[in-house]
Structures are given as C-alpha cells and as structure tokens.
Amino acid sequence: MKIKIFFIFFIFFLLLNFVSSAEPPKLPMIISGEVLINEKPAKVGTIITAKIDEQKITSVEVSKKGHYTLLIQEPTEKLINLYVNEINTDKTVKYGVGKIEQIDLLITQETPNKNKLFFIIPIILLILIIFILLWGKKKKK
C-alpha cells in the first residue's frame with residue numbers, strides 16, 4: 271500500500287514538474303499612432319504592414335480614420351519596418367516583448383489628376399458645337 275501511495279505521489283510530482291516548466295506566452299509588442307496620407311488622415315481600409323527583412327510579419331486595416339494599432343508577437347530583436355499601402359514609411363522600431371510604441375506614419379501618395387476631365391469636357395463640347403454649326407450650314411444649302 272505504501273508503495274502505491276509513493277508511486278502516485280511520484281507521478282503527481284513528475285506531472286507538476288512538467289506543468290511548471292511550461293513557459294507562459296510572451297506579451298506582444300504594441301505599435302500604434304496616427305497615419306496620414308498626403309497630410310490627411312488615412313481612410314478606413316488603409317493597410318498598415320510590419321516587416322522584418324522584407325518579410326511580412328503582420329498587417330492591419332485602419333478601422334478608425336487616421337489611427338492604427340499593430341500587435342506583434344515575434345521572438346526576435348530585429349528591426350521592424352512599417353509600411354502604408356506597401357509604401358515604405360522609413361519608420362523602424364526594435365522589437366521588444368511587451369513594449370508599447372507610439373509611432374505616427376506619414377506618406378505622400380500621388381493621386382490621379384481629376385482636373386484632366388475639366389479640360390477634356392470643354393474640348394468635346396466645342397467640337398460638338400462646331401459640328402452642329404457646320405451641319406446646319408450644310409443643310410441650308
């Protein structure tokens with residue numbers, strides 16, 4: 271009977287030892303801040319990406335206009351590069367367990383020139399007016 275109790279305590283002790291040796295998960299690094307595109311708050315849906323050595327670690331969509339928050343769980347002390355819509359922001363931060371960083375991002379992104387329509391529409395209208403005038407003179411003859 272004593273051997274049985276000893277054996278149960280021995281097994282319990284071994285199991286307890288295995289459980290206590292398990293390492294708790296490490297806290298993620300949190301990077302957050304404002305994100306501006308052409309000096310205006312980034313729209314909802316803008317993609318913020320964190321990369322190490324050009325390899326994507328994580329990305330997040332902007333869910334509140336002009337603000338982002340990244341959670342990074344990466345077991346490395348390397349530099350993290352931040353991108354907005356795949357454009358390098360030239361902002362870097364060194365990873366740290368449980369570290370909280372406030373980093374504002376700003377990029378300049380070319381926008382399509384909508385003013386071209388203002389030049390094309392009057393030209394088309396002018397051509398139509400000339401065509402109608404010439405067609406009217408031809409019809410009178």
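Residue numbers (our numbering): 271 to 411. All residues carry an ideal CB built from backbone N, CA and C; glycine is no exception.
Supposed contact pair residue j and residue i - C-beta distance, whole angstroms, cut 8 Å
{"i": "residue 377", "j": "residue 357", "result": "5 Å"}
{"i": "residue 304", "j": "residue 327", "result": "Between residue 327 and residue 304 the Cβ distance is about 21 Å, and since that is not below 8 Å, they are no contact."}
{"i": "residue 330", "j": "residue 342", "result": "The pair is not a contact, with the Cβ atoms about 10 Å apart (cut-off 8 Å)."}
{"i": "residue 370", "j": "residue 348", "result": "Going by Cβ atoms, the distance from residue 370 to residue 348 rounds to 18 Å, so no, they are not a contact pair."}
Coil, strand or helix - residue i by DSSP
{"i": "residue 297", "result": "coil"}
{"i": "residue 303", "result": "strand"}
{"i": "residue 373", "result": "coil"}
Buried or exposed (CB count within 10 angstroms, at least 16 for buried), residue i
{"i": "residue 332", "result": "buried"}
{"i": "residue 301", "result": "buried"}
{"i": "residue 350", "result": "buried"}
{"i": "residue 314", "result": "exposed"}
{"i": "residue 354", "result": "buried"}
Residue from the options with nearest C-alpha to residue i
{"i": "residue 320", "options": "336, 308 and 340", "result": "340"}
{"i": "residue 310", "options": "392, 325, 391 and 374", "result": "374"}
{"i": "residue 316", "options": "306, 366, 281 and 324", "result": "306"}
{"i": "residue 379", "options": "361, 308 and 299", "result": "308"}
{"i": "residue 325", "options": "334, 368 and 352", "result": "352"}
{"i": "residue 312", "options": "405, 337 and 404", "result": "337"}
{"i": "residue 364", "options": "390, 299 and 281", "result": "299"}
{"i": "residue 294", "options": "367, 335, 281 and 405", "result": "367"}
Terminal residues of the beta strand (DSSP E) in which residue i lies
{"i": "residue 329", "result": "325-331"}
{"i": "residue 320", "result": "317-322"}
{"i": "residue 367", "result": "Careful: residue 367 lies outside any beta strand (DSSP E) and carries neither H nor E."}
{"i": "residue 355", "result": "Unbroken run through residue 355: none, as it is neither H nor E."}
{"i": "residue 339", "result": "337-342"}
Within-8 Å CB hit, residue i to chain C
{"i": "residue 354", "result": "Of the protein chains in the structure, only one exists, and it is not chain C."}
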